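Q:
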Amino acid sequence: MTQVVIWLIAFALILALTFKRWESVSPALDRVLPDVLKSRGENRTVWGLALAILGATVLVRPVDILLTVVLAVIIALVGIKLAGWVMNKVDLH
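If you want the working numbering, it's the 1-based position in the sequence shown plus 1.
1) Leaving out five residues before and five after residue 49 in sequence, what residues of the same chain have Cβ atoms less than 6 Å from its Cβ?
2) State the Cα-Cα distance for the pair residue 5 and residue 88, rounded to the nearest angstrom.
3) Can at least three beta-carbon pairs, one atom from the segment 26-34 and one from the segment 70-90, be found at a separation below 8 Å?
4) In three-state terms, what does DSSP make of residue 34?
5) Residue 57: buried (16+ other C-beta within 10 angstroms of its C-beta) or exposed?
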């Protein structure tokens, strides 16, 4: 129960700060994200909620987030290696 309360408080604070300082958050997002995902102002609510959820989860359960990122990287590397192996085996001519 304590973790849920801490998560809700962190979520509310991060969401409020994101909305309050959107003029400084939006350019920072635009520098990090690819062109397709850039926040051209109309996605303020979506990006605010996403940042608040991720931020609160990182604050409350950092080990879970770290393990998820490690697993995602391992799966991506295996997928890239497998795709490279398949492309070498396929005769495109």
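Glycine residues also receive a C-beta, built at the ideal position from the N, C-alpha and C atoms.
The structure presented is a predicted model; accordingly, all values stated were derived computationally and were not measured.
A: To lay it out plainly:
1) 16, 19 and 20
2) 47 Å
3) The way I'd put it, the segment 26-34 doesn't touch the segment 70-90; fewer than three beta-carbon pairs between them come closer than 8 Å.
4) coil
5) buried
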